[in-house]
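Keeping their order, the protein sequence lines are chains C and A. So the first sequence is residues 116 to 357, counted in my numbering. So the second sequence is residues 116 to 357, counted in my numbering. Virtual Cβ for every residue (Gly too), placed ideally from N, Cα, C.
Protein chains: 2
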Amino acid sequence: MITLPCVILVEPQLAENVGMAARAMMNCGLAELRLVNPREDHLSAKAVAASSNAEEILYQAKVFSSTEEAVGDLGWVAATTARHRDQTKSVLSAETAAADAALKIQSGISCGLMFGPERTGLNNRDICLADAIINIPLNPKHCSLNLSQAVLLVGYEFYKTQADMGGRQFVTNNTTPADKSLVLKFCAYLENLLDDCGNFRVGEKREKMVINLRNIFTRNQLTEQEVNTLYGVINHLIKPKS
Amino acid sequence: MITLPCVILVEPQLAENVGMAARAMMNCGLAELRLVNPREDHLSAKAVAASSNAEEILYQAKVFSSTEEAVGDLGWVAATTARHRDQTKSVLSAETAAADAALKIQSGISCGLMFGPERTGLNNRDICLADAIINIPLNPKHCSLNLSQAVLLVGYEFYKTQADMGGRQFVTNNTTPADKSLVLKFCAYLENLLDDCGNFRVGEKREKMVINLRNIFTRNQLTEQEVNTLYGVINHLIKPKS
Chain C
116 MITLPCVILV EPQLAENVGM AARAMMNCGL AELRLVNPRE DHLSAKAVAA
166 SSNAEEILYQ AKVFSSTEEA VGDLGWVAAT TARHRDQTKS VLSAETAAAD
216 AALKIQSGIS CGLMFGPERT GLNNRDICLA DAIINIPLNP KHCSLNLSQA
266 VLLVGYEFYK TQADMGGRQF VTNNTTPADK SLVLKFCAYL ENLLDDCGNF
316 RVGEKREKMV INLRNIFTRN QLTEQEVNTL YGVINHLIKP KS
Chain A
116 MITLPCVILV EPQLAENVGM AARAMMNCGL AELRLVNPRE DHLSAKAVAA
166 SSNAEEILYQ AKVFSSTEEA VGDLGWVAAT TARHRDQTKS VLSAETAAAD
216 AALKIQSGIS CGLMFGPERT GLNNRDICLA DAIINIPLNP KHCSLNLSQA
266 VLLVGYEFYK TQADMGGRQF VTNNTTPADK SLVLKFCAYL ENLLDDCGNF
316 RVGEKREKMV INLRNIFTRN QLTEQEVNTL YGVINHLIKP KS
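Put into structure tokens, the structure is as follows:
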């Protein structure tokens, strides 16, 4: 059962870049690396060091002597290139390509993400093997990416399709979020103190101040512990100096 | 008028990483870099070389002696950290943080994206200055990122909020997509030829073959030029050998 796209690096020049690409793959939960005619040894010490604990991916990488062979058993391949080519082809953002790959994989189709040599990028003969071109949306005036960064961005988009962590969480650790009554009780306590101080006397102004204070203390999702901290602060402040 | 978030690197250790972060910023259309107590000279030859033509960002970077000063004029700050901290705080995915920053900026609020030192990440005193934590969704078993890669991923998400390139395009260059009639005419031509060859004789099988062929030639959005190419191919094939 195929569950992840493989990464195909066509004629990578530097072993270090292959290692860094492996690291980026591991960051994104990808595992299978295919190399077409790498110029340097992808198992060299430099490559392994650059992989930063992702050397398993390097050891298991398969080496091919042509791109045709490297994609032979795949059902869907997307090629990363910054330039549009003179080929009639779908051009997908990295996000859309990742979504497409995830769908294909769900249908049991093996997918590959293809990246070209550092200097020149993929040539037309490689690109014509791909079902689609991936165009990573970046500043058009400065879109040159390191090979491993291209792998990282596309892999990251794929990772996001698999592991929806939820865009927004609120972390309270071991404390309990305070419910409104607790917050309002604190606000009332503060309002009473301010009344006693002689503030708050004028009706309309008092109302405004109450609303301001309540906004301040409701906007930041206080925890019970934090409400207690606030009581402590206030009580310290009003304590007569000894 | 603020239009982009600034990037704040707190105590970056290596000048090279600052240069690479500048490159990643430029990739993502970001411009303003703030450095809190960088250990090395961010204008060194190494930093400039690593920035790969983004040295302007380095030259214009502002250096601060504390994180408090670096964020002083900002209205909203998000801190990147791989670990959740013991702080009650919103935790946003990079995508959600980018969307939030874009919204804040629309409201005229200056935003900052904060990144910690390479080895240790941001400490708790830095994080408590932030409105939210950015948690980049990555393989939890291998989520350590190079500083510039963290800047790249968060910057990329921000770039996507600004420049929606459309997820899916179909590039035909200077050729015209073939309309259905042209494709069907070609299919009919082919069907007739196959009839003449003596294939296609049995009614039900013929129907199946017609549908298969039409599916093959409609699924790939042919251009007019490509239809002509197909005619050429067929005509070559049926030409009697001289």
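Does chain C have any CB closer than 8 Å to the CB of A/Phe332?
False, the Cβ-Cβ gap to chain C never drops below 8 Å.
Using only CA atoms, which one of C/Lys177, C/Leu129, C/Met140 and C/Asn261 lies nearest to A/His257?
Nearest of C/Lys177, C/Leu129, C/Met140 and C/Asn261 to A/His257, Cα basis: C/Met140.
Report the CB separation of C/Ala137 from C/Leu148 in whole angstroms; it is logged as a contact under 8 Å.
Yes, they are in contact, since the Cβ atoms of C/Ala137 and C/Leu148 sit about 6 Å apart, within 8 Å.
Give me the Cα-Cα distance between A/Tyr274 and C/Leu268, rounded to the nearest whole angstrom.
Roughly 13 Å between the two C-alpha positions.
Provide the residue span of the alpha helix (DSSP H) that contains A/Ala130, from first to last.
Where A/Ala130 is concerned, the enclosing alpha helix (DSSP H) stretches over Ala130 to Asn142.
Could you tell me the alpha carbon to alpha carbon distance between C/Ala212 and A/Val178, rounded to whole angstroms?
If you take the alpha carbons of C/Ala212 and A/Val178, they lie about 40 Å apart.
Is any beta-carbon of chain A found at less than 8 Å from that of C/Val192?
Answer no: the Cβ-Cβ gap between C/Val192 and chain A never drops below 8 Å.
Tell me which same chain residues have a C-beta within less than 6 Å of the C-beta of C/Ala194, skipping the five on either side of it?
Same-chain partners within the cutoff: Met229, Leu237, Ile242, Ala245 and Ile248.
For my contact list, C/Gly227 and C/Cys121 are in at a C-beta cut-off of 8 Å; report their separation, rounded to the angstrom.
Their Cβ separation, rounded to whole angstroms, is 5 Å, which keeps C/Gly227 and C/Cys121 in contact under 8 Å.
Can you name the residues that DSSP bridges to A/Cys226?
The partner list for A/Cys226 (beta bridge, DSSP) reads A/Trp191.
Can you tell me the Cβ-Cβ gap for A/Phe142 and C/Leu260, rounded? I've got them flagged as a contact below 8 Å.
Looking at the sequence provided, one finds Asn at residue 142 of chain A rather than Phe. Yes, they are in contact, since the Cβ atoms of A/Asn142 and C/Leu260 sit about 6 Å apart, within 8 Å.
Between A/Cys302 and A/Asp311, what straight-line distance do the alpha-carbon atoms span, to the nearest angstrom?
Straight-line Cα distance between these residues: approximately 14 Å.
Compare the C-alpha of C/Asn350 against each of C/Leu337, C/Ile220 and C/Leu309 and name the closest.
Comparing Cα-Cα distances from C/Asn350 to each of C/Leu337, C/Ile220 and C/Leu309, the minimum goes to C/Leu309.
Since A/Val163 contacts A/Leu150 with CB under 8 Å, what's their CB separation in whole angstroms?
That pair is no contact at about 15 Å.
Going by the beta-carbon positions, is the gap between C/Gln202 and C/Asn250 smaller than 8 Å?
No, the pair does not count as a contact, with Cβ atoms beyond the cut-off.
At what residue ranges does the segment 233-286 of chain A contain a whole run of the beta strand (DSSP E), taking only runs of 3 or more?
You should have 247-250 and 283-286.
Can you pull the chain C residues whose beta carbon is under 8 Å from the beta carbon of A/Cys258, in chain order?
Per Cβ cutoff of 8 Å: Asn142.
Helix, strand or coil: how does DSSP classify A/Ile117 here?
A/Ile117: coil per DSSP, three-state reduction.
Identify whether A/Thr344 lies in helix, strand or coil by the three-state DSSP scheme.
The answer is helix: DSSP assigns A/Thr344 an H, G or I state.
Counting C-beta neighbours from all protein chains within 10 Å, is the total for C/Lys300 16 or more, i.e. buried, or is it exposed?
When all chains shown are included, C/Lys300 counts as exposed.
Quick check on A/Arg329: does DSSP put it in helix, strand or coil?
Of the three classes helix, strand and coil, the one that applies to A/Arg329 here is helix, per DSSP.
Anything in chain C within Cβ reach of A/Gly282, meaning under 7 Å, just list it in chain order.
Those within 7 Å of A/Gly282 in chain C are Leu207, Ser208, Glu210 and Thr211.
Can you pull the DSSP bridge partners for C/Ile123?
C/Arg149 and C/Met229.
So what does DSSP say about A/Leu158, is it helix, strand or coil?
It is coil, neither helix nor strand.
Specify the secondary structure class of A/Thr182 as computed by DSSP and reduced to three states.
In this structure, A/Thr182 counts as helix in the three-state DSSP scheme.
I'd like to know whether the C-beta atoms of A/Ala216 and A/Ile123 end up nearer to each other than 8 Å.
Not in contact: A/Ala216 and A/Ile123 (Cβ atoms no closer than 8 Å).
Would you give the residue range spanned by the alpha helix (DSSP H) that A/Ser167 belongs to?
Run containing A/Ser167: none; DSSP gives neither H nor E here.
Ends of the beta strand (DSSP E) at A/Lys204?
Its beta strand (DSSP E) spans residues Lys204 to Ser208.
Please classify C/Gln264 as buried or exposed, where buried requires at least 16 other C-beta atoms within 10 Å of its C-beta.
The residue is buried, with at least 16 neighbouring Cβ atoms inside 10 Å.
Can you tell which of C/Thr196, C/Leu173, C/Gly282 and C/Lys204 has its C-alpha closest to the C-alpha of A/Gln336?
Checked all of C/Thr196, C/Leu173, C/Gly282 and C/Lys204; the closest Cα to A/Gln336 is C/Lys204.
Distance cutoff 8 Å, beta carbons only. Does C/Thr338 sit that close to anything in chain A?
By this cut-off, C/Thr338 is an interface position.
Find the residues of chain C that neighbour A/Lys275, judging by a C-beta separation of less than 7 Å, and give them in chain order.
Per Cβ cutoff of 7 Å: Pro252.
For A/Leu305, which option in A/Leu328, A/Lys323, A/Thr291 and A/Leu189 has the closest C-alpha, if you only look at C-alpha atoms?
It is A/Leu328 whose Cα lies nearest to the Cα of A/Leu305.
Check this for me: beta carbons of A/Val125 and A/Gly231, under 8 Å apart or not?
Yes, Cβ-Cβ distance for A/Val125 and A/Gly231 is below 8 Å.
Starting from A/Ala303, trace the alpha helix (DSSP H) both ways and give me its first and last residue.
Unbroken alpha helix (DSSP H) run through A/Ala303: Lys295 to Cys312.
Using a beta-carbon distance below 8 Å, is A/Phe301 in contact with chain C?
No, no contact with chain C.
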